[in-house]
Ligand SMILES: NC(=O)c1ccc[n+]([C@@H]2O[C@H](COP(=O)([O-])OP(=O)(O)OC[C@H]3O[C@@H](n4cnc5c(N)ncnc54)[C@H](OP(=O)(O)O)[C@@H]3O)[C@@H](O)[C@H]2O)c1
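And the structure:
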């Protein structure tokens, strides 16, 4: 670790941001310093003399969050500075380009920036390489699991990603596991909501959008040029239930119970289970429900685990497999912190002005 200070600005103090601040405060290093943070409503700056073990108490003097002002403060702040975006806001994702251009390193668990138009993805990676400014997003797929880094290392060493297949939504794996245990579709969705596994609107998970975005990030990282509109997505929400309240949608799901029960039984008769999986193959991404043999790794996946299989020219006969818990604030925050530490190990002190 360096012996000069590296400042961190944390945007978003929700479940991931809060866990990140707590984990950062327990690190033995004193070179990483949380210097500021914000929510959508309040922004704080901490004094340069603040104790590195300082945890956000929310008692700091705050101003109302105003991004134009914050952007100016961030670009004028002393370097090195790492901007951690734990907001999940598409507007904040648009600030990565000006920040990278000004030499601010970025770490994010948010899928937004990498799933906007391909040209924005290319611009961020170009700015990062051209300016020597780091842009890390390991936790956008599989939370704390090493997935993005594996794909980046394969590409960097001249391998070619032939295909990537897997289940990257813990929520949807849980849903199908519950239906196999005998719960109806609507009961399984209710159980996922009650355990806090779903997004604030559970249809964001059931629409397949989260899985589509994760595969888009993997595909682009693997070197494929694709837009979100190129991804074929099977939604588990009938269109009519997308435009009503969540309560009414949940009631409407009861009408789908028999159909799902029939499909689960039909799969079982073939010694198979249903999983919501994604696949990048032949440069195309498809995400949706598939049957997997109960002998196959994806067929044996239960609970909220993720499993990703990567086939490449070098790993042609047997894939690289990454498996484990793929969501949750603690593991996601640890993955964000690991990205911050990787940056901290490589950056040099800012040159002193003559
Ligand atoms: N939770 C997980 O297990 C997990 C796993 C992998 C990746 N992620 C990703 O991590 C990110 C954060 O997730 P989370 O679960 O921590 O979300 P969260 O609990 O909803 O927290 C979001 C935080 O961001 C703030 N925020 C939202 N929009 C903002 C804006 N425009 N400017 C400043 N602050 C803003 C919110 O402030 P207010 O409270 O004022 O609204 C809140 O403090 C998301 O991109 C999510 O997809 C989460």
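Residue numbers (our numbering): 50 to 403. C-beta: ideal position from N, C-alpha, C; glycine also.
Beta-ladder partner(s) of residue i, from DSSP
i, result
"residue 325", "338"
"residue 92", "87, 112"
"residue 214", "328, 358"
"residue 154", "131"
"residue 333", "330"
"residue 369", "359"
"residue 184", "155"
"residue 446", "Coverage of the chain is limited to positions 50 through 403, which leaves residue 446 absent and any answer about it impossible."
As assigned by DSSP and simplified to three states, the class of residue i
i, result
"residue 355", "strand"
"residue 311", "helix"
"residue 407", "What the structure shows of the chain is the stretch from 50 to 403, and residue 407 is not part of that stretch, so it cannot be assessed."
"residue 55", "strand"
"residue 360", "strand"
"residue 177", "helix"
"residue 388", "helix"
"residue 134", "strand"
"residue 234", "helix"
"residue 374", "strand"
"residue 169", "helix"
"residue 81", "strand"
"residue 293", "coil"
"residue 281", "strand"
"residue 319", "coil"
"residue 97", "coil"
"residue 118", "helix"
"residue 160", "coil"
"residue 271", "coil"
"residue 245", "coil"
"residue 301", "helix"
"residue 348", "helix"
"residue 76", "coil"
Beta-carbon spacing of residue i, residue j below 7 Å
i, j, result
"residue 222", "residue 241", "no"
"residue 347", "residue 216", "yes"
"residue 323", "residue 285", "no"
"residue 86", "residue 59", "yes"
"residue 385", "residue 188", "yes"
"residue 173", "residue 145", "yes"
"residue 383", "residue 245", "no"
"residue 124", "residue 151", "yes"
"residue 360", "residue 212", "yes"
"residue 65", "residue 381", "yes"
"residue 248", "residue 237", "no"
"residue 378", "residue 68", "yes"
"residue 235", "residue 303", "yes"
"residue 55", "residue 80", "yes"
"residue 135", "residue 61", "yes"
"residue 321", "residue 342", "yes"
"residue 131", "residue 392", "yes"
"residue 371", "residue 272", "no"
"residue 397", "residue 276", "no"
"residue 177", "residue 149", "yes"
Buried versus exposed call for residue i [16 or more other C-beta atoms within 10 Å across all chains shown]
i, result
"residue 185", "buried"
"residue 191", "buried"
"residue 269", "buried"
"residue 259", "buried"
"residue 333", "exposed"
"residue 84", "buried"
"residue 175", "exposed"
"residue 129", "buried"
"residue 262", "buried"
"residue 160", "buried"
"residue 327", "buried"
"residue 352", "exposed"
"residue 214", "buried"
"residue 257", "buried"
"residue 319", "exposed"
"residue 162", "buried"
"residue 355", "buried"
"residue 183", "buried"
"residue 10", "Residue 10 falls outside the range modelled here, since the chain spans only 50 to 403, and no answer is possible."
"residue 298", "buried"
"residue 388", "buried"
"residue 179", "exposed"
"residue 280", "buried"
Quick one: any contact between the region 182-202 and the region 300-317, if contact means 3 or more CB pairs under 8 Å?
-> Under the Cβ criterion (8 Å, minimum of three pairs), the region 182-202 does not count as touching the region 300-317.
Inspect the CB distances between the region 92-100 and the region 148-158 and report whether three or more fall short of 8 Å.
-> Cβ pair count under 8 Å is below three, so no.
Would you check if the region 358-376 and the region 202-210 touch, i.e. whether three or more CB-CB distances between them fall below 8 Å?
-> Cβ pair count under 8 Å is three or more, so yes.
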